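K.L.:
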Amino acid sequence: MEIKLNGRWTEFPDDATVADVLDAAGGQRPGIAVAVDGVVVRRGDWATTTVPKGAALDVLTAVQGG
Numbered sequence: 268m269e270i271k272l273n274g275r276w277t278e279f280p281d282d283a284t285v286a287d288v289l290d291a292a293g294g295q296r297p298g299i300a301v302a303v304d305g306v307v308v309r310r311g312d313w314a315t316t317t318v319p320k321g322a323a324l325d326v327l328t329a330v331q332g333g
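Everything in the sequence shown is counted per the working numbering, starting at 268 for the first residue and increasing by one.
(1) Per DSSP, which residues does K271 bridge with? Please list them.
(2) Counting along the chain, where does the alpha helix (DSSP H) carrying V330 start and finish?
(3) For A283, collect the residues of the same chain with a Cβ closer than 6 angstroms to its Cβ; drop the 5 residues on either side in sequence, then sort them by chain order.
(4) Between V306, A323 and T328, which has its C-alpha nearest R275's C-alpha?
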């Protein structure tokens, strides 16, 4: 299936979870948040949340500053 990962269409298995997508995209590192179709997915749910075909998955990095 194809999903839109940070704005780019990418191919993944049909049963890919948020964790699977993150692992393929560079890993599950601290300080990131994930939204699927605009809805934030809790880190504790990444391994059990299946990404739907055609979904937009955005990986966001927390930034500090002032």
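For each residue, glycine too, the CB sits at the ideal point set by N, CA and C. Computed from a predicted model, the values in this text were never measured in an experiment.
P.N.:
Put simply:
(1) W276 and A323
(2) Per DSSP, V330 belongs to no alpha helix (DSSP H) and is neither H nor E.
(3) V318
(4) A323
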